[in-house]
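Before any comments, here is the structure.
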Amino acid sequence: MKKNILLGVTGSIASFKACSLIGLFREKGYAVRCMMSRSAGRFITQLTLETLTGERVVRGMFRLSENSSPPHISLADEADVILVAPATADIIGKVSAGICDDILTSTVCAAGCPVVFAPAMNDKMFNNPIVREKIEHLRQNGYHFIDPAKGPLACGREGEGRLAPLERIVEETERVLGT
Ligand SMILES: Cc1cc2nc3c(=O)[nH]c(=O)nc-3n(C[C@H](O)[C@H](O)[C@H](O)COP(=O)(O)O)c2cc1C
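Position in the sequence shown counted from 1, then plus 28, gives you this note's numbering.
This is the structure we're talking about:
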C-alpha cells in the first residue's frame, strides 16, 4: 500500500526545493499531497505543487473537505507522515506555541502521525536562542528535526541554515515512516 506523505511548504526562499523533493518521493512510489502556509504563495505557486503531485493543494481552512470534515482534520487523518520542508522560524515558533492560525499549523496540531521539520533560514535566525528553544521544545514532544546544512545562504552569508540535502530529507522521512 502506498504511503501518504503530506508535505507542508512554508514561506522560505528554499520553497522551490519542495518541487524536487516531490519528484524524489514520487519516484519511490509515495503519494504526496501538499499544504501551504500563509506565506508560501509568495514564493511558489499552488498550481506548480498541484501539477507535480497530481493532487489538490489545500490552502484555506474554512471550506469542508469532500467527506464533509474540516480540511485540517481530514488532511491529518490521511497522512502517514507530515513533512514540513522547508520549515520557517515562524512555523516552528507557532507550532511550538500551539498556534493554529492557518491550514498548515492546524493540520500539524491535529496530526496523529509523525511530524518531521526540515528548517531553512538565515544562520542568525537558526542560532537565535528563542528559535533553538522552540526546536528543543518540539523535539521533547516527539517532533522530528532534520538539521539544516552549513554553506552559502540566500542572503549572501555563509553559515548554518541551508535546507538539508534533499537525499537526507528523503532518508530521514523514510526512517520515520519505517519504510
Ligand atoms: C526573500 C525572503 C526570503 C525568506 N526566507 C526565509 C527562510 O528561508 N526562512 C525563514 O524562516 N523565513 C524566511 N523569510 C521570512 C518569512 O517569509 C516570514 O517569516 C513569513 O512570515 C513566514 O510565514 P510562514 O511561516 O507562514 O510561511 C523570508 C522572507 C523573504 C522576504
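Note that the Cβ used here is the ideal one computed from N, Cα and C, for glycine as well. This one's a predicted model, so the numbers in the text were calculated from it and none came from an experiment.
Query, Result
"Close Cβ partners of Glu-200 (< 6 Å) along its chain, the five nearest in sequence each way excluded", "Ile-174"
"Reference Glu-195; option with closest CA among Met-149, Phe-90, Gly-51, Ala-104", "Gly-51"
"Proximity test, Pro-176 beta-carbon vs ligand 1 heavy atom, cut-off 7 Å", "no"
"Segments assigned beta strand (DSSP E), at least 3 residues, entirely inside the segment 42–113", "59–64"
"Ile-131 beta carbon near ligand 1 (any heavy atom closer than 7 Å)", "no"
"Validate contact between the segment 79–99 and the segment 153–169 using beta carbons, cut 8 Å, 3 pairs", "no"
"One or two residues paired with Val-144 in a DSSP bridge", "Leu-111, His-172"
"Pairwise C-alpha distance: Arg-87 and Glu-78", "12 Å"
"Arg-40 beta carbon near ligand 1 (any heavy atom closer than 7 Å)", "First, the amino acid is wrong: residue 40 is Ser here, not Arg. Ser-40: yes, Cβ under 7 Å from ligand 1."
"Three-state secondary structure (DSSP) of Ala-138", "coil"
"Closest by C-alpha distance to Leu-111, when choosing among Ala-138, Gly-36, Gly-206", "Gly-36"
"Extent of the continuous alpha helix (DSSP H) run through Leu-35", "Taken as a continuous stretch (DSSP letters only), Leu-35 belongs to no alpha helix (DSSP H), being part of the beta strand (DSSP E) at 32–37."
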